[in-house]
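Residue numbers (this note's numbering), protein chains in the order written: chain A, -18 to 275; chain B, 99 to 391.
All C-beta atoms, glycine included, are put in the ideal place defined by N, C-alpha and C.
Below is one structure; the comments refer to it alone.
Here is the structure:
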């Protein structure tokens, strides 16, 4: 039972990281319909931005993290501006955008691997590494911060989407792009904003993992694909769904190893995913996606 | 040097089979799969195990590989192709991860990271194919066979249905085509063919381990298709001839191994991006009417 509680807590922490990736990716996918796998590259970049800001520029940790989040938001925005929008201007198909995104993911990951070596680059996180022991559960302050930041990120995003004019513009484009254009919303600018916001949400996830176990170049691929699984499970177009989907995957992976050997961890999520899309293809709360819609 | 060229041609044959079969999905049906390396691996492991444990010959192994490969793909295709196309990207990635996990962790069957050594050379019509020169013939013959099968398939009524489904699913369904069944069928066929390449590879190298069948490999096969030209059956051959020569060319530049491997990946990534800008239809491809911007 103690083990189960520990796995539950770890699952919650890991799930928070997936959730941050998933709400950002889900926002971008729901709004632009781009299958943006390069989100994984933004996730990896964020970690190295923080690492560089702290160890090379000697900034205090909190400042380094803020700089890294802003830099990641700009990176995401530039990916849309310089890659996807240019392709769309040339009349590219959605598959072309996906392939270019995949190309960019591989390219950036390997550039990071050459510049920083494939080995994890550890960061100095000081007191955040202190252990917190709650009954049988062992965590660090960083883990608790992770869960708190995921909730804060989700809350901030929901508030932004519901209350601000720009947030409402994103929702308008997400639900009916043509209609949004008709009422005078500039789709390109909304897309740029969506990429900036979505990337700013992936950044904390990338940075938090790096703070825990070091920055690594190839971790993003796994995270972005799990994010897409979370988004589909939660329901495409639903931010609460993506949040739940991410948390669910983290818990599933960790509670799974309560009964199964840990090397099967990654197989569990995808196995459940396949069963899930048979039973409920639209996810927990999503709009129905018909075969021909996309 | 001659043996070297022979080895290169054997690999061109193997990758032409892989890319031609993947092209059925990516080029002709608009279904994007990230699991082709896993299918390749399933073919390799299935026929290696058939040879080592059941004592099956080359043809038997080929058949086992095709059946197991088709079955694995169908298992994923049936749930995920019922819904929108993007689901298959995620599901196929899942298949890739699960299959690789199986190769690594089901040690009693696959021997884990250590891999399976001692796979016998094929015996074809009473002749043991044991040197690279003979293997060139076998490899290119199977590649040619795959090409012919795919040509028959894509030129048939079924091939036209595929293209109709790719261009407009609703219109295809409206003319009475069972869109889902067509998509599942082509995924199964493509995987059966891709698994053949795995069988060929296992009997050629005589040793297999999980590292040959990773996600990077899936992406490499995709680059072959994109570079050569989607929707052109000769495209994969051109793609394989060019991209398989690249690592060999890099060997002549004195780059340390730790940098050479990522450099290759950077090149593939850059190629994918550049081709989407300059020539999305690939080197041999016919330009398709572009979507109005």
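_Against chain A, with Cβ distances strictly below 8 Å, would residue 187 of chain B count as a contact?_
Locating residue 187 of chain B in the second chain gives position 89, counting from the first residue. Chain A contact via Cβ: present.
*Any Cβ of chain A within less than 8 Å of the Cβ of residue 177 of chain B?*
Numbered from 1 along the second chain, position 79 holds the residue referred to as residue 177 of chain B. Any Cβ of chain A closer than 8 Å to the Cβ of residue 177 of chain B would place that residue at the interface, and such an atom is present.
*Given that residue 259 of chain A touches chain B, what residues does it touch there, using C-beta distances under 7 Å?*
Position 278 of the first chain holds residue 259 of chain A. One finds 177 in chain B with Cβ atoms closer than 7 Å to the Cβ of residue 259 of chain A, taken in chain order.
*Could you check the C-alpha separation between residue 175 of chain B and residue 208 of chain A for me, to the nearest Å?*
Numbered from its first residue, the second chain carries residue 175 of chain B at position 77. Numbered from its first residue, the first chain carries residue 208 of chain A at position 227. A direct Cα-to-Cα measurement between residue 175 of chain B and residue 208 of chain A gives close to 21 Å.
*Grouping DSSP H, G and I as helix and E and B as strand, with all else coil, what is residue 150 of chain A?*
Counting from 1 along the first chain, the entry for residue 150 of chain A is found at position 169. In the three-state DSSP reduction, residue 150 of chain A falls in the helix class (H, G or I).
_Endpoints, beta strand (DSSP E) assigned at residue 121 of chain A_ = As a working mapping, residue 121 of chain A is identified with position 140 in the first chain. Where residue 121 of chain A is concerned, the enclosing beta strand (DSSP E) stretches over 118 to 121.
_Other residues of its chain near residue 292 of chain B: CB distance less than 8 Å, five sequence neighbours each side excluded_ = Position 194 of the second chain, counted from the start, is the residue given in the question as residue 292 of chain B. Here residue 292 of chain B has 115, 116, 119, 120, 134, 137, 138, 141 and 167 as same chain residues with Cβ atoms under 8 Å from its own Cβ, once five neighbours each way along the sequence are excluded.
*Establish whether the CB of residue 259 of chain B and some CB of chain A are separated by less than 8 Å.*
Residue 259 of chain B sits at position 161 when you count from the first residue of the second chain. Output row for residue 259 of chain B: interface = no.
*Assign residue 372 of chain B to buried or exposed, taking buried as 16 or more other Cβ atoms, counted over all protein chains shown, within 10 Å of its Cβ.*
As a first step, residue 372 of chain B is located in the second chain; it is residue number 274 there, counting from the start. The C-beta of residue 372 of chain B has fewer than 16 other C-beta atoms within 10 Å across all chains shown, which makes the residue exposed.
*Buried or exposed by the 16-neighbour rule on C-beta atoms within 10 Å, applied to residue 334 of chain B*: As a position in the second chain, residue 334 of chain B is number 236, starting the count at 1. If you draw a 10 Å sphere on the C-beta of residue 334 of chain B, you find 16 or more other C-beta atoms in it, and that means buried.
*Determine which residues of the stretch 208 to 219 of chain B have a Cβ less than 7 Å from any Cβ of chain A, and write them out in chain order.*
Answer in chain order: no residues at all.
*Quick one: list the residues of chain B neighbouring residue 95 of chain A, beta-carbon separation under 9 Å, in chain order.*
Reading the first chain from its first residue, position 114 is the one you call residue 95 of chain A. Result: 356, 357, 360, 361 and 364.
*Interface residues of chain A around residue 378 of chain B at Cβ under 7 Å?*
By one-based count along the second chain, residue 378 of chain B stands at place 280. Simply 73 and 77.
*What do you reckon, are the CB atoms on residue 125 of chain B and residue 285 of chain B nearer than 8 Å?*
As a first step, residue 125 of chain B is located in the second chain; it is residue number 27 there, counting from the start. As a first step, residue 285 of chain B is located in the second chain; it is residue number 187 there, counting from the start. In this structure, residue 285 of chain B does not lie closer than 8 Å to residue 125 of chain B by Cβ.
*Just by C-beta distance, which residues in the stretch 205 to 218 of chain A are closer than 7 Å to chain B?*
Within the stretch 205 to 218 of chain A, those residues whose Cβ lies closer than 7 Å to any Cβ of chain B are, in chain order, 206, 209, 210 and 213.
_Touching by the beta-carbon criterion (3+ pairs, under 8 Å), the stretch -12 to 3 of chain A and the stretch 217 to 234 of chain A_ = With a cut-off of 8 Å, the stretch 217 to 234 of chain A and the stretch -12 to 3 of chain A count as touching, because enough Cβ pairs lie within range.
_Does any residue of chain B have a CB that is nearer than 8 Å to the CB of residue 141 of chain A?_
Position 160 of the first chain holds residue 141 of chain A. False, the Cβ-Cβ gap to chain B never drops below 8 Å.
*Could you tell me whether the stretch 188 to 204 of chain A touches the stretch 93 to 103 of chain A, using the rule of 3 or more Cβ pairs below 8 Å?*
Touching, yes.
_residue 211 of chain B burial status per 10 Å Cβ neighbour count (16 or more: buried)_ = For this step, residue 211 of chain B is matched to residue 113 along the second chain. Residue 211 of chain B comes out exposed.
*Skipping 5 residues on each side, what residues in its chain have a beta carbon closer than 6 Å to that of residue 132 of chain B?*
For this step, residue 132 of chain B is matched to residue 34 along the second chain. Sequence-distant Cβ neighbours of residue 132 of chain B in its own chain, meaning closer than 6 Å and more than five residues away, are 190, 191, 194 and 316.
*Cβ of residue 180 of chain A within 8 Å of Cβ of residue 7 of chain A?*
Against the first chain, residue 180 of chain A aligns to sequence position 199. Against the first chain, residue 7 of chain A aligns to sequence position 26. Not closer than 8 Å, so no.
*Pick out whichever of B:382, B:380 and B:376 has its Cα sitting closest to the Cα of residue 71 of chain A.*
Here residue 71 of chain A refers to the residue found at position 90 when the first chain is read from its first residue. The residue with the shortest Cα to Cα distance from residue 71 of chain A is B:376.
*asked:* DSSP three-state label for residue 250 of chain B, please.
replied: Working through the second chain from its first residue, we reach residue 250 of chain B at position 152. DSSP places residue 250 of chain B in helix when its eight states are reduced to three.
*Whole angstroms is fine: what's the gap from residue 213 of chain A's alpha carbon to residue 206 of chain A's?*
Taking the first residue of the first chain as 1, we reach residue 213 of chain A at position 232. Taking the first residue of the first chain as 1, we reach residue 206 of chain A at position 225. Their Cα atoms are separated by approximately 11 Å.
_C-alpha distance - residue 146 of chain A paired with residue 263 of chain B, whole-angstrom precision_ = Along the first chain, read from residue 1 onward, the residue named residue 146 of chain A stands at position 165. Along the second chain, read from residue 1 onward, the residue named residue 263 of chain B stands at position 165. Residue 146 of chain A and residue 263 of chain B have their C-alpha atoms roughly 40 Å apart.
_Within 10 Å of its beta-carbon, does residue 271 of chain A have 16 or more other beta-carbons around it, so buried, or fewer, so exposed?_
Taking the first chain and counting its residues from 1, the one referred to as residue 271 of chain A is at position 290. Annotation note: pLDDT 44 at residue 271 of chain A (below 50); position unreliable, coordinate value reported separately. Of the residues assessed, residue 271 of chain A falls on the exposed side of the cut-off, its CB having fewer than 16 other CB atoms within 10 angstroms.
*Cβ atoms of residue 56 of chain A and residue 18 of chain A: under 8 Å apart, would you say?*
Here residue 18 of chain A refers to the residue found at position 37 of the first chain. Here residue 56 of chain A refers to the residue found at position 75 of the first chain. No.
*Do you know how far the Cα of residue 340 of chain B is from the Cα of residue 273 of chain A?*
Taking the first residue of the first chain as 1, we reach residue 273 of chain A at position 292. Taking the first residue of the second chain as 1, we reach residue 340 of chain B at position 242. Reliability fails at residue 273 of chain A, whose pLDDT of 38 lies under 50, so the model's placement of it is uncertain and the value that follows must be treated cautiously. One C-alpha to the other measures close to 36 Å.
*Select from the stretch 230 to 253 of chain A all residues with a C-beta closer than 7 Å to any C-beta belonging to chain B, and list them in chain order.*
Under the 7 Å Cβ criterion, the stretch 230 to 253 of chain A contributes 244, 245, 247, 248, 251 and 252.
*DSSP beta-bridge partners of residue 102 of chain A*: Reading the first chain from its first residue, position 121 is the one you call residue 102 of chain A. In the DSSP assignment, the residues bridged to residue 102 of chain A are A:196.
_8 Å Cβ cut-off: residues of chain B touching residue 16 of chain A_ = Residue mapping note: residue 16 of chain A aligns to position 35 of the first chain, counting from 1. Neighbours of residue 16 of chain A on chain B, chain order: 184 and 187.
*Taking residue 92 of chain A as the query, report the chain B residues whose CB atoms sit under 7 Å from its CB, ordered along the chain.*
As a position in the first chain, residue 92 of chain A is number 111, starting the count at 1. Near residue 92 of chain A (Cβ distances below 7 Å), the residues of chain B are 364.
*asked:* Taking only three categories from DSSP, how would you classify residue 169 of chain A?
replied: Translated into the one-based positions of the first chain, residue 169 of chain A becomes position 188. Looking at residue 169 of chain A - three-state DSSP - the assignment turns out to be helix.
*Any C-beta of chain A sitting closer than 8 Å to the C-beta of residue 201 of chain B?*
In the second chain, the residue the question calls residue 201 of chain B occupies position 103. No, residue 201 of chain B does not count as interfacial toward chain A.
*State the CB to CB distance for the pair residue 216 of chain A and residue 182 of chain A, rounded to an integer number of angstroms; the pair is presumed to be in contact (CB under 8 Å).*
Stepping through the first chain from its first residue, residue 216 of chain A is reached at position 235. Stepping through the first chain from its first residue, residue 182 of chain A is reached at position 201. Between residue 182 of chain A and residue 216 of chain A the Cβ distance is about 18 Å, and since that is not below 8 Å, they are no contact.
*asked:* Can you tell me whether residue 114 of chain A is helix, strand or coil according to DSSP?
replied: Here residue 114 of chain A refers to the residue found at position 133 of the first chain. In the three-state scheme derived from DSSP, where H, G and I count as helix and E and B as strand, residue 114 of chain A is classed as strand.
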